[in-house]
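A.B. asks: If you're matching them up, the sequences are chains A and B in order.
Using the numbering used here, you'd call the opening residue of the first sequence number 33 and step up by one each time.
Using the numbering used here, you'd call the opening residue of the second sequence number 1402 and step up by one each time.
Beta carbons are placed, not taken as given, at the ideal position from N, Cα and C, and that holds for glycine.
All values derive from a computational prediction rather than experimental measurement.
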Amino acid sequence: REKRLTLPPSEITLL
Amino acid sequence: TGSPVPVPTATVVRVVKNANTLGIAIEGGANTRQPLPRIVTIQKGGSAHNCGQLKVGQVILEVNGISLRGREHKDAAWIIAEAFKTKEKDHIDFLVVEPG
């Protein structure tokens, strides 16, 4: 089984 | 013949603090799909918009010479916020790159 690296999406910050 | 191969070149953009807000939104940071912060919004009337050189889609590599590599989203956002808040400088230097 292929192992995929999945990273979470980022939050967005208003500066 | 053929189209030129775009080479991503990092450029320094100086944003003068001439408005009450910086006026950018960023996403990304270490341990996310976008490992370096990317500009997703530029608000009209903010210092970033007034400067005219920051663009949506640019990735921020450094802030006043501080590398954002390896920093999580909140840390990167904090560094940018502090750079805007400090009265030691009337500007922020962003090292940005337009991803090819």
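Answer yes or no: do V1441(B) and V1457(B) have a C-beta to C-beta separation smaller than 9 Å?
C.D. replies: yes
A.B. asks: Could you give the distance in angstroms between the alpha-carbon of R1415(B) and the alpha-carbon of P41(A)?
C.D. replies: 29 Å
A.B. asks: What are the residues in the region 1463 to 1481 of chain B lying within 7 Å of chain A by C-beta distance?
C.D. replies: H1474, A1478, I1481
A.B. asks: At 8 Å on the CB atoms, spell out the chain A contacts of A1426(B), in chain order.
C.D. replies: I44, T45, L46, L47
A.B. asks: Just confirm the distance between the C-beta atoms of P1409(B) and G1501(B), as a whole number of angstroms; I'd bet it's less than 8 Å.
C.D. replies: Rounded, the Cβ-Cβ distance is 5 Å, consistent with contact.
A.B. asks: If the criterion is Cβ atoms closer than 9 Å, does the pair Q1459(B) and V1497(B) meet it?
C.D. replies: yes
A.B. asks: Quick one: is L37(A) buried, meaning 16 or more other Cβ sit within 10 Å of its Cβ, or exposed?
C.D. replies: Of the other Cβ atoms in all chains shown, fewer than 16 fall within 10 Å of the Cβ of L37(A); this residue is therefore exposed.
A.B. asks: So, is A1449(B) buried or exposed, given that buried needs 16 or more other C-beta atoms within 10 angstroms?
C.D. replies: Buried, by the Cβ-count rule.
A.B. asks: Is the CB of Q1459(B) under 9 Å away from at least one CB in chain A?
C.D. replies: no
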